[in-house]
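Novice: The sequence shown: position 207 = 208 (the numbering used here), numbered continuously. The beta carbon of each residue, even a glycine, is placed where N, CA and C say it ideally should be.
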Amino acid sequence: HTSAATHILEGASGIRHDLPISTCSGRSNRNIRLLLNPLFSSSTDASGTFLDYVKAIRPATCIQAIGALVVGYFAVISSSGTSTSPVQELSNPQLLAASVSVYFSYGAGMVMNDLVDVDTDSMHGTKSSRAIASGRISKLAGWTYCGVLSIVSLVLGCNIGSQYGMWTLSNLGIMLGYALFGLQKVLLVKNVLCGWLAISPLIGAALLATSGGIVGLDSVTTTSKLMRLAAVGFPMHLSREILKDIEDVGIDRGNKSTLPLVVGERIAHRIAYGIVGCVSSVMVLTPLYWGMFGSKYHIYPLGVAVGLSMCIRASLLPLSEGQRLLKKSIYVLLAGMIGGLLAQ
Numbered sequence: 002h003t004s005a006a007t008h009i010l011e012g013a014s015g016i017r018h019d020l021p022i023s024t025c026s027g028r029s030n031r032n033i034r035l036l037l038n039p040l041f042s043s044s045t046d047a048s049g050t051f052l053d054y055v056k057a058i059r060p061a062t063c064i065q066a067i068g069a070l071v072v073g074y075f076a077v078i079s080s081s082g083t084s085t086s087p088v089q090e091l092s093n094p095q096l097l098a099a100s101v102s103v104y105f106s107y108g109a110g111m112v113m114n115d116l117v118d119v120d121t122d123s124m125h126g127t128k129s130s131r132a133i134a135s136g137r138i139s140k141l142a143g144w145t146y147c148g149v150l151s152i153v154s155l156v157l158g159c160n161i162g163s164q165y166g167m168w169t170l171s172n173l174g175i176m177l178g179y180a181l182f183g184l185q186k187v188l189l190v191k192n193v194l195c196g197w198l199a200i201s202p203l204i205g206a207a208l209l210a211t212s213g214g215i216v217g218l219d220s221v222t223t224t225s226k227l228m229r230l231a232a233v234g235f236p237m238h239l240s241r242e243i244l245k246d247i248e249d250v251g252i253d254r255g256n257k258s259t260l261p262l263v264v265g266e267r268i269a270h271r272i273a274y275g276i277v278g279c280v281s282s283v284m285v286l287t288p289l290y291w292g293m294f295g296s297k298y299h300i301y302p303l304g305v306a307v308g309l310s311m312c313i314r315a316s317l318l319p320l321s322e323g324q325r326l327l328k329k330s331i332y333v334l335l336a337g338m339i340g341g342l343l344a345q
């Protein structure tokens, strides 16, 4: 017969959870080892568990939030009276601390969302493989992880300045409220909140510039630039969330109220890419952005050309591939904006 110790270790490594444990003390030990999985598993399994925690915060989404913070910050200081260039600001300790704070706070939001949606995600074709949906990360471990990420983010934010710390706290509060109160089930609330969180780092950028003592800031010019950035970021993320709702229509039916369920998938698809088309037209056909991001190396025009080509391509692809490509096009546009500001 297999020993109780063998059963315990197999259960902790996630291979054979259904095997009986021969003694009460064995059950107790197994529960303890499951809670401390990374400490009792093999090196390969521990590495896998570490990667689960890394992937749970969606690094790409967190980096996108940092991109919004950086492009907003560079846009603000480019119109100030400071002699510091955006390139020099790349090594600014406050900017680095703010970026790490944003990374951890948005990562906490991703984990919160997975914890609340664990039941529906477990039935999803692709989301079921996520660490929380599959059970590789327990709810207790997940909420503990959220707490640690949030605390680190708040400590970094408060060290930058009280206003920046309050902004960080408000973002975490929105994410927690969204997760706990079922706001993702209300028609368009999820879409609007996700769009807001996508452009919220622009506010953080203004607060960061103020906390860093950037001189010569013109409130009118600063507000105008940040509003122009928000006018691109918000609708682009809104449209992507609509496409994700179309993809999840089968699981959401009876559980949530989403635009595709109300108006139909085809109309929702047209609305989503209609929004993208409007944003693209404004970026290309008006002078609002060309002067703001213009540089001698033409980085921004290249970003627009590539990013908008990706948007057009996304509209012709199957739904799942299209929304992923649309997300990548947002990264390209952000990179073009940051590159244009750095090259000024």
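#1: Can you name, in chain order, every residue of its own chain whose Cβ lies under 6 Å from the Cβ of residue 100, other than the five neighbours on each side?
#2: Determine the burial state of residue 228: buried for a count of at least 16 other Cβ atoms within 10 Å of its Cβ, exposed for fewer.
#3: Taking the alpha-carbon of residue 219 as reference, which of 77, 59, 52 and 277 has the nearest alpha-carbon?
#4: Please classify residue 103: is it buried, with 16 or more other beta-carbons within 10 angstroms of its beta-carbon, or exposed?
#5: Mapping the DSSP letters down to three states, classify residue 183 as helix, strand or coil.
#6: With residue 409 and residue 95 assumed to form a contact (beta carbons below 8 Å), what rounded beta-carbon distance in angstroms separates them?
#7: Of the residues 56, 275, 336 and 72, which one's Cα is nearest the Cα of residue 111?
#8: Apart from the five residues just before and just after residue 157, which ones in its own chain have a Cβ nearer than 7 Å to its Cβ?
#9: CA-CA distance, residue 225 and residue 272?
#10: Helix, strand or coil: which one does DSSP assign to residue 343?
#11: Take residue 155 and list the residues in its own chain whose beta-carbon comes closer than 7 Å to its own, dropping the five residues that flank it on each side.
#12: Is the distance from the Cβ of residue 203 to the Cβ of residue 161 below 8 Å?
#13: Can you list, in chain order, the residues of its chain with a C-beta nearer than 6 Å to that of residue 179? Leave out the 5 residues immediately preceding and following it.
#14: Below 8 Å on the Cβ atoms is my guess for residue 308 versus residue 282; work out the distance and round it to an integer in Å.
#15: Under 8 Å by Cβ, that's how I've got residue 235 and residue 196 pegged, so tell me the actual separation to the nearest angstrom.
#16: What did DSSP end up calling residue 241 once you bin it into helix, strand or coil?
#17: Quick one, are the C-beta atoms of residue 69 and residue 335 less than 8 Å apart?
#18: Given a cut-off of 8 Å, decide if residue 292 and residue 340 are closer than it, judged by their beta-carbon atoms.
#19: What separation, rounded to the nearest whole angstrom, lies between the Cα atoms of residue 115 and residue 269?
#20: Quick check on residue 245: buried or exposed, where buried means 16 or more other Cβ atoms within 10 Å of its Cβ?
#21: Runs of 4 residues minimum, wholly inside the region 249-313: which ones carry the alpha helix (DSSP H) assignment?
#22: Under the rule that 16 or more other beta-carbon atoms within 10 Å means buried, what is residue 249, buried or exposed?
#23: With DSSP run on the structure shown, which of helix, strand or coil describes residue 114?
#24: Give me the residue from 80, 126 and 251 with the minimum Cα distance to residue 207.
#25: Whole angstroms are fine: how far does the CA of residue 238 sit from the CA of residue 285?
#26: Is residue 277 buried or exposed, if buried means 16 or more other CB atoms sit within 10 Å of its CB?
#27: Leaving out the 5 sequence neighbours to the left and right, which residues in its chain are closer than 8 Å to residue 260 when beta-carbon positions are compared?
#28: Comparing C-alpha positions only, which one of 87, 65 and 136 sits nearest to residue 106?
Specialist: So, from the listed chains and residues:
#1: Excluding positions up to five away in sequence, the list reads 67.
#2: Answer is exposed; the Cβ neighbour count stays below 16.
#3: That would be 77, whose Cα lies nearest to the Cα of residue 219.
#4: In this structure residue 103 is buried. Its beta-carbon is surrounded by 16 or more other beta-carbon atoms within 10 angstroms.
#5: Look at residue 183 here: in three-state DSSP terms it is coil, with no helix or strand label.
#6: The displayed coordinates of the chain run from 2 to 345. Any statement about residue 409 would go beyond what the structure contains.
#7: Of the candidates 56, 275, 336 and 72, the one whose C-alpha sits nearest the C-alpha of residue 111 is 56.
#8: These residues qualify, in order along the chain: 98, 101 and 102.
#9: Going from the Cα of residue 225 to the Cα of residue 272 covers about 27 Å.
#10: The DSSP-derived three-state label of residue 343 is helix.
#11: The beta carbon of residue 155 lies closer than 7 Å to those of 166, 169 and 170 in the same chain, with the five residues before and after it left out.
#12: Between residue 203 and residue 161, the gap from beta carbon to beta carbon reaches 8 Å or more.
#13: Correct list, in chain order: 194.
#14: Rounded, the Cβ-Cβ distance is 14 Å, inconsistent with contact.
#15: The C-beta distance from residue 235 to residue 196 rounds to 4 Å, short enough to meet the 8 Å contact threshold.
#16: Of the three classes helix, strand and coil, the one that applies to residue 241 here is helix, per DSSP.
#17: A contact, by the Cβ cut-off of 8 Å.
#18: Pairing residue 340 with residue 292 gives a Cβ-Cβ distance that is not under 8 Å.
#19: Those two C-alpha atoms are separated by around 25 Å.
#20: Buried, by the Cβ-count rule.
#21: For the region 249-313, the full-length alpha helix (DSSP H) segments reaching 4 residues or more read 250-253, 260-264, 266-286 and 291-294 along the chain.
#22: The Cβ neighbour count for residue 249, taken over all protein chains shown within 10 Å, is at least 16; the residue is labelled buried.
#23: If DSSP states are grouped into helix, strand and coil, residue 114 belongs with the helices.
#24: The option with the nearest alpha carbon to residue 207 is 80.
#25: Rounded to whole angstroms, residue 285 to residue 238 spans 19 Å at the Cα level.
#26: Taking every protein chain shown into account, the CB of residue 277 has 16 or more other CB atoms within 10 angstroms, so this residue is buried.
#27: For residue 260, the CB contacts under 8 Å within the same chain, skipping 5 residues up- and downstream, are 188, 189, 192, 243, 246, 269 and 272 in chain order.
#28: In terms of CA proximity to residue 106, 65 leads the group 87, 65 and 136.
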